[in-house]
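Notes follow the structure.
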Amino acid sequence: MTTTRTPTKHFAPLAIGAPEPYRALPVRLERMIHFIPPHNEKIRAKLKDTIKTVDVVLGNLEDAIAVGEKEEARAGFISMAREFDFGQTGLWTRINCLNSPWALDDVTEIVAAAGDKLDVIMLPKVEGPWDIHYLDQLLAQLEARNKVQKPILIHAILETAEGVKNVEAIAAASPRMHGMSLGPADLAASRGMKTTRVGGGHPDYGVLADAGAHKSAPRAFFQQDLWHYTVGKMVDACLSYGLKPFYGPFGDFSDSAACEAQFRNAFLQGCLGAWSLHPSQIDIAKRVFSPDVAEVAFAKRILNAMPDGTGAVMLDGKMQDDATWKQAKVIVDLAKIVASKDAERGAAYGL
Ligand code: GLV
Ligand code: MG
Numbered sequence: 318m319t320t321t322r323t324p325t326k327h328f329a330p331l332a333i334g335a336p337e338p339y340r341a342l343p344v345r346l347e348r349m350i351h352f353i354p355p356h357n358e359k360i361r362a363k364l365k366d367t368i369k370t371v372d373v374v375l376g377n378l379e380d381a382i383a384v385g386e387k388e389e390a391r392a393g394f395i396s397m398a399r400e401f402d403f404g405q406t407g408l409w410t411r412i413n414c415l416n417s418p419w420a421l422d423d424v425t426e427i428v429a430a431a432g433d434k435l436d437v438i439m440l441p442k443v444e445g446p447w448d449i450h451y452l453d454q455l456l457a458q459l460e461a462r463n464k465v466q467k468p469i470l471i472h473a474i475l476e477t478a479e480g481v482k483n484v485e486a487i488a489a490a491s492p493r494m495h496g497m498s499l500g501p502a503d504l505a506a507s508r509g510m511k512t513t514r515v516g517g518g519h520p521d522y523g524v525l526a527d528a529g530a531h532k533s534a535p536r537a538f539f540q541q542d543l544w545h546y547t548v549g550k551m552v553d554a555c556l557s558y559g560l561k562p563f564y565g566p567f568g569d570f571s572d573s574a575a576c577e578a579q580f581r582n583a584f585l586q587g588c589l590g591a592w593s594l595h596p597s598q599i600d601i602a603k604r605v606f607s608p609d610v611a612e613v614a615f616a617k618r619i620l621n622a623m624p625d626g627t628g629a630v631m632l633d634g635k636m637q638d639d640a641t642w643k644q645a646k647v648i649v650d651l652a653k654i655v656a657s658k659d660a661e662r663g664a665a666y667g668l
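Residue numbers for the sequence shown follow the numbering used here, beginning at 318 and rising by one.
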């Protein structure tokens with residue numbers, strides 16, 4: 318027995334009058350999802366400049382917003398969504414989780430007041446496809462009622478053991494799915510991992526070099542990436558369904574080197590961006606999630622050497638074939654998107 322809709326129904330709007338779901342995601346640059354508390358006046362006062370600096374602005378309504386400030390944060394988000402022109406910069410919100418007292422009002426009020434401005438709803442603590450189905454249906458009804466013109470997408474946070482177990486079904490749940498982010502703090506708690514850090518490594522998680530014959534000699538210890546398994550699993554689930562995978566938050570703002578290393582591991586594994594919780598992380602994300610200039614130059618040489626993408630050629634002693642052509646295309650396509658938003662990097666890429 319199959320539990321998914323037929324291909325025809327998969328792409329049918331879930332409410333009469335709701336916009337057609339996308340068949341392919343809109344092309345957007347999303348190197349960092351920049352979190353702001355939307356009720357904070359000081360931060361809102363700087364928003365005009367922030368919009369120019371970041372790829373995505375996210376008004377956070379969930380964790381880190383105190384219980385007594387939930388309504389204020391929601392109202393703050395609605396007024397900033399209406400007040401500002403976001404241009405090419407994405408406008409997202411992270412709503413409260415579905416079993417909370419605020420989720421229903423978060424969705425209904427925001428779609429009613431700013432549905433046409435909103436690109437993506439980030440849904441926390443997604444456990445399985447049922448969470449996506451619920452929000453999918455609700456959004457379709459609200460889009461229809463409020464005459465929203467384009468579908469509002471859903472981005473799931475992967476931050477419970479059950480969610481990780483069901484990651485493929487979550488990815489497959491709806492054409493409204495935009496992608497997923499790793500939520501290392503909640504995930505660590507849900508799994509009973511022994512770390513209190515928000516993302517990043519742990520000094521005790523590593524591999525000890527073999528002792529060899531001299532058991533008393535000093536042995537090298539190599540710290541490993543605690544999140545490697547989950548990021549890999551998330552990347553496979555996302556890319557199988559044409560969705561975008563993201564690394565989530567890095568909580569130690571005083572350690573930019575560790576933040577950069579964590580973001581880079583995720584980038585190399587296939588992620589397209591990460592969250593910036595502090596302004597200092599915006600540039601780190603730009604550096605990491607924009608492809609390397611030398612890598613772009615080499616990728617352009619591969620594409621030029623194999624105009625139809627087939628066969629085999631040697632470049633600097635390295636074999637290139639149909640598969641490396643596809644790898645090169647991923648990098649050049651990403652560089653072109655970066656160039657369209659970031660003139661300085663575009664010039665460095667020669668694009
Ligand atoms: C993010 O929401 C996390 O829990 O890490
Ligand atoms: Mg969380």
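Built from N, CA and C at the ideal position, the CB exists for glycine as well.
Problem - At least three beta-carbon pairs within less than 8 Å, the segment 598-614 to the segment 341-349 - result: Yes: the two stretches touch, three or more of their Cβ pairs being nearer than 8 Å.
Exercise for the section: Compare the beta carbon distance of D366 and R391 with 8 Å and say whether it is the shorter of the two. Expected result: no
Practice task
Taking only runs that begin and end inside the segment 573-617, name each unbroken beta strand (DSSP E) of 3 or more residues, in chain order.
Solution key: As for any beta strand (DSSP E) of minimum length 3 sitting wholly inside the segment 573-617, the runs are 591-593, ordered along the chain.
Practice task
Have a look at P562, Y564, G517 and K550 and flag the residue whose alpha-carbon is nearest the alpha-carbon of D542.
Solution key: G517
Problem - Buried versus exposed call for H545 [16 or more other C-beta atoms within 10 Å across all chains shown] - result: exposed
Exercise for the section: Output the residues surrounding the ligand GLV, defined as those with a CB atom closer than 7 Å to any ligand heavy atom, in chain order. Expected result: D380, P441, I474, E476, G500, P501, A502, D503, L504, V515, G516, G565 and P566
Exercise for the section: With DSSP as the reference, please indicate the residues paired to A473 in a beta bridge. Expected result: DSSP links A473 through a beta bridge to L440 and M497.
Practice task
Give me whichever residues DSSP pairs with V374 in a beta bridge.
Solution key: H351 and L408
Handout entry: Boundaries (first-last residue) of the beta strand (DSSP E) holding G523
Key = G523 to L525
Problem - As assigned by DSSP and simplified to three states, the class of V344 - result: coil
Exercise for the section: Give every residue of the same chain whose Cβ lies closer than 7 Å to the Cβ of M623, excluding the five residues on either side of it in the sequence, and list them in chain order. Expected result: Counting only Cβ-Cβ distances below 7 Å, and skipping sequence neighbours, we find V630, Q637 and W642.
Practice task
Could you tell me which of V647, S597, Q598 and P596 sits nearest to I619, measuring between CA atoms?
Solution key: V647
Practice task
Count the other CB atoms, across all protein chains shown, that sit within 10 Å of the CB of T321; report buried if there are 16 or more and exposed otherwise.
Solution key: Classification of T321: exposed, given that the 10 Å Cβ count is below 16.
Handout entry: Run of the beta strand (DSSP E) containing L455, from where it starts to where it stops
Key = Per DSSP, L455 belongs to no beta strand (DSSP E); it is in the alpha helix (DSSP H), P446 to R462.
Practice task
With DSSP collapsed to three states, give me the class of Q644.
Solution key: helix
Practice task
Please state whether DSSP places F328 in a helix, a strand or coil.
Solution key: coil
Practice task
Please classify A534: is it buried, with 16 or more other beta-carbons within 10 angstroms of its beta-carbon, or exposed?
Solution key: exposed
Practice task
Put M510 into one of helix, strand or coil per three-state DSSP.
Solution key: Three-state DSSP puts M510 in coil, outside helix and strand.
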